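Peer 1: FYI, the numbering for the sequence shown is -40 to -1, 1 to 348, going by mature numbering (1 follows the signal peptide of the UniProt record, and there is no 0). Here it is, the structure, as structure tokens.
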Amino acid sequence: MSDSRLIPAHRKVSRLRPLLSATLLGLAVMSASVSSAVHAAPVVQESAKQNFQEVYQAFQQAEADPNTPKSELQQLAFASYMRGREYFGADHINTANLALNHLLLLDAAQRVGEQQHALAALVVRVFEDEYGSSAIELLDPLLLALETMPEVNEERISDYELKFAEIFSARKTENPTFVLAVKTAMAEQLLRLNQSRPNLWTSLYQDSREQLGEDHPSTIKTAFYAAMEDAGNDRLKAAIDKLERVVSADAAGKSAVIQLQLAAYYRLVSFYGRLDEYEKVTAALTRLGQMNNELGGGLVEEALFRVTPEFPAAEAQAGREGSVELIYDVGRNGRPQNIRIVSETSAAFGQSARDAVAGWLYVPAYENGNPVVRKNVEVQLDFALQKD
């Protein structure tokens, strides 16, 4: 193991952290003047050192071998952390690096949990003590603190966001593109934790447009999520404007962008429908059907957009409830046609159900690369009075 202090890697390269090996090899020997009651301590320390070095060397060898199964590498990383904790102590920077390596080797689903989050929080604290509160080395631990959080904790989230903000403020001018990438990753984790941050996503979108251009995958991603925040705050036209930018971007060879465009068309169909922009609905449905077919997607059975039937006033006044069974086809344009009533509690319920279903929207079905009429879709609509 080298005595050099290696520069930590970040996420875009290898995220595994090297140990600060000078500290590893430079532990002080206990003084001979210590009382005889604790003379065994150096022996215990030497044993802990040997145990750690053996398992850490095995981890390094496994990491260097591309054929090592990931599960084996994960086990060795955790064993290295445990042995390192015994040797260096829980709050040592080397122990924190070993904990970070262990967490980074876990799959996304494996990272989420109280134990993993406690470990990530420990790494944040140790790194902050070692490097300072505005150090770039804190970014990986802070992202992991969000990635590992199993449930929403507003106080912790706020604390992490403040720490992120301090680093971003200190580093933005020297490396704005890197800050943008990490801030976007942070925003995605906040989204996972159901944290609405409309201003954050809007600023990310604006920064990405300026730094990376309209067609960059990061710009498309931030535009999509900024649009979702707009829609969630009833700014439907602002959401549509951003989603239209998403679907108009150059997606050639960019699978992530294509998936975002597909998702954007799903939303646009619904948003156009809510604004009664029928021509745009038709165009979006057509393109959505084409994309779903091109990407090998199967039949989308559920309606993308539904109109809720009105409860007939006379039936409501009479206190009557009802149900209607209907059967219809879905045309090549994704709209119900040839709507037939199979059964109805009354003609009023039947008419209301028919009118509602006529406004539903579906992804057009395809067979052998061509749009087709989807026959005999069945649905039952129930009309129930609200109970006091």
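Ideal Cβ placement from N, Cα and C applies to all residues, glycine included. All of these numbers come straight from a predicted model, not from anything done at the bench.
1) Verify whether the separation of the beta carbon atoms of V241 and V229 is less than 8 Å.
2) Give the single residue among L106, Y41, G310 whose Cα lies nearest to the Cα of A68.
3) Measuring straight from C-alpha to C-alpha, what distance separates V84 and K181?
4) How is N298 classed by DSSP in three states: helix, strand or coil?
5) Who pairs with A325 in a beta bridge, going by DSSP?
6) Nearest to residue 350 by CA position, among R157, S40, L63, is which residue?
7) Can you give me the C-alpha to C-alpha distance between Y120 and T268, rounded to a whole angstrom?
8) Pick helix, strand or coil for S306, following the three-state DSSP scheme.
9) For V72, I'd like the list of residues in its chain whose CB is within less than 7 Å of its CB, leaving aside the five on either flank, ordered along the chain.
10) Would you tell me roughly how many angstroms separate the C-alpha atoms of V339 and L60, rounded to the nearest one?
11) I think G279 touches L345, with their Cβ atoms under 8 Å apart; what is that distance to the nearest whole Å?
12) State buried or exposed for V(-12), treating a residue as buried only when at least 16 other CB atoms are found within 10 Å of its CB.
13) Go through its chain and collect everything with a Cβ distance to P177's Cβ below 7 Å, but skip five positions before and after it.
14) Y225 to L245, Cα distance in whole Å?
15) Determine whether the beta carbon atoms of G294 and L255 lie at a separation below 8 Å.
16) Whose C-alpha, out of F124, R116, N113, A78, is nearest the C-alpha of D100?
17) To the nearest angstrom, report how far apart S94 and S168 are at their CA atoms.
18) Within this structure, are the beta carbons of I301 and N336 separated by less than 8 Å?
19) Leaving out five residues on either side along the sequence, give the residues of the same chain with a beta carbon under 7 Å from the beta carbon of A22.
20) Are L172 and T179 close, meaning C-beta to C-beta below 8 Å?
21) What does the alpha-carbon distance come out to for the pair R266 and F231?
22) Roughly how many whole angstroms lie between the Cα atoms of P136 and I200?
23) Taking all protein chains shown into account, do 16 or more other C-beta atoms lie within 10 angstroms of the C-beta of A(-1), making it buried, or fewer, making it exposed?
24) Quick check on the burial criterion: 16 or more other C-beta atoms within 10 angstroms. Buried or exposed for E189?
25) For D175, which of helix, strand or coil comes out of DSSP?
26) When the distance is taken between beta carbons, is L98 closer than 8 Å to A56?
27) Output the boundary residues of the beta strand (DSSP E) element that contains E97.
28) By the 10 Å Cβ neighbour count, where 16 or more other Cβ atoms means buried, how is G329 classified, buried or exposed?
29) Assuming L164 and K132 make a contact with CB atoms under 8 Å, what is their CB distance in whole Å?
30) I'd like to check one pair, P272 with S312: are the Cβ atoms closer than 8 Å?
31) Helix or strand or just coil, what does DSSP make of V112?
32) Below 6 Å CB to CB, which residues in the same chain sit around E46 once its five sequence neighbours on both sides are set aside?
33) Assuming H62 and F87 form a contact by the criterion Cβ under 8 Å, report the distance between their Cβ atoms to the nearest whole angstrom.
34) Between the alpha carbons of A198 and A186, how many angstroms are there, rounded?
Peer 2: On the basis of the coordinates in this document:
1) For the purposes of this step, residue 241 is identified with residue 281 of the sequence shown, where counting begins at 1. For the purposes of this step, residue 229 is identified with residue 269 of the sequence shown, where counting begins at 1. Contact: yes.
2) What you label residue 68 is simply residue 108 of the sequence shown in a count that begins at 1. It is L106 whose Cα lies nearest to the Cα of A68.
3) The residue labelled residue 84 in the question sits at position 124 within the sequence shown. The residue labelled residue 181 in the question sits at position 221 within the sequence shown. Distance between the alpha carbons of V84 and K181 is about 28 Å.
4) As a working note, residue 298 is residue 338 in the sequence shown. If DSSP states are grouped into helix, strand and coil, N298 belongs with the strands.
5) Translated into positions along the sequence shown, residue 325 becomes position 365. DSSP, once it has assigned bridges, lists V332 as partnering A325.
6) Nothing about residue 350 can be reported from this structure: the residues present for the chain run from -40 to 348 only.
7) What you label residue 120 is simply residue 160 of the sequence shown in a count that begins at 1. What you label residue 268 is simply residue 308 of the sequence shown in a count that begins at 1. So the alpha carbons of these two residues sit roughly 42 Å apart.
8) By 1-based counting over the sequence shown, the position of residue 306 is 346. It is coil, neither helix nor strand.
9) Position 112 of the sequence shown, counting from 1, holds the residue named residue 72. So the list reads T108, P110, once near-sequence residues are dropped.
10) As a working mapping, residue 339 is identified with position 379 in the sequence shown. As a working mapping, residue 60 is identified with position 100 in the sequence shown. Their Cα atoms are separated by approximately 53 Å.
11) On the sequence shown, residue 279 is found 319 positions in, with the first residue counted as 1. On the sequence shown, residue 345 is found 385 positions in, with the first residue counted as 1. Confirmed, about 7 Å.
12) Within the sequence shown, numbered from 1, the residue matching residue -12 stands at position 29. Low per-residue confidence applies at V(-12): pLDDT is 26, beneath 50, and the placement is therefore not dependable enough to give any value.
13) Here residue 177 refers to the residue found at position 217 of the sequence shown. Hits under 7 Å: K214, A216, V217.
14) As a working mapping, residue 225 is identified with position 265 in the sequence shown. As a working mapping, residue 245 is identified with position 285 in the sequence shown. Cα to Cα, the separation comes out at about 8 Å.
15) On the sequence shown, position 334 is the one that residue 294 refers to. On the sequence shown, position 295 is the one that residue 255 refers to. No; because the gap between Cβ atoms is not below 8 Å, this pair is not in contact.
16) As a position in the sequence shown, residue 100 is number 140, starting the count at 1. Per the Cα distances, F124.
17) Counting from one through the sequence shown, the residue named residue 94 turns up at place 134. Counting from one through the sequence shown, the residue named residue 168 turns up at place 208. Looking at the two C-alpha atoms, the distance is approximately 23 Å.
18) Working through the sequence shown from its first residue, we reach residue 301 at position 341. Working through the sequence shown from its first residue, we reach residue 336 at position 376. Contact flag unset, no.
19) For the purposes of this step, residue 22 is identified with residue 62 of the sequence shown, where counting begins at 1. Around A22: T28, E32, L33, L36.
20) Within the sequence shown, residue 172 is the residue found at index 212, counting from 1. Within the sequence shown, residue 179 is the residue found at index 219, counting from 1. In this structure, T179 lies closer than 8 Å to L172 by Cβ.
21) In the sequence shown, residue 266 corresponds to position 306, counting from 1. In the sequence shown, residue 231 corresponds to position 271, counting from 1. If I take the Cα positions, the gap works out to 12 Å.
22) Here residue 136 is taken as the residue at index 176 of the sequence shown, counted from 1. Here residue 200 is taken as the residue at index 240 of the sequence shown, counted from 1. Going from the Cα of P136 to the Cα of I200 covers about 28 Å.
23) To locate residue -1, count along the sequence shown from 1; it is residue 40. A caution first: A(-1) carries a pLDDT of 43, below 50, which makes its placement in the model unreliable, though a value can still be read off. Flag for A(-1) reads exposed.
24) Residue numbering aside, residue 189 sits at position 229 when the sequence shown is read from its first letter. By the 10 Å Cβ count, E189 comes out buried.
25) For the purposes of this step, residue 175 is taken as residue 215 along the sequence shown, with counting starting at 1. Reduced to three states, the DSSP call for D175 is coil.
26) Along the sequence shown, one-based indexing puts residue 56 at 96. Along the sequence shown, one-based indexing puts residue 98 at 138. Against a cut-off of 8 Å, the Cβ pair of L98 and A56 comes out as no contact.
27) Taking the sequence shown and counting its residues from 1, one reaches residue 97 at position 137. That residue, E97, is in no beta strand (DSSP E); it is neither H nor E in DSSP.
28) The residue you call residue 329 lines up with position 369 of the sequence shown. By the 10 Å Cβ count, G329 comes out exposed.
29) As a first step, residue 164 is located in the sequence shown; it is residue number 204 there, counting from the start. As a first step, residue 132 is located in the sequence shown; it is residue number 172 there, counting from the start. Not really, about 13 Å apart at Cβ, beyond 8 Å.
30) For this step, residue 312 is matched to residue 352 along the sequence shown. For this step, residue 272 is matched to residue 312 along the sequence shown. Against a cut-off of 8 Å, the Cβ pair of P272 and S312 comes out as a contact.
31) One-based indexing of the sequence shown puts residue 112 at position 152. It is coil, neither helix nor strand.
32) If you number the sequence shown from 1, residue 46 lands on position 86. Taken in chain order, the residues that qualify are A8.
33) The sequence position of residue 62 within the sequence shown is 102, counting from 1. The sequence position of residue 87 within the sequence shown is 127, counting from 1. Contact doesn't hold; Cβ gap of about 15 Å is too wide.
34) Position 238 of the sequence shown holds residue 198. Position 226 of the sequence shown holds residue 186. About 9 Å.
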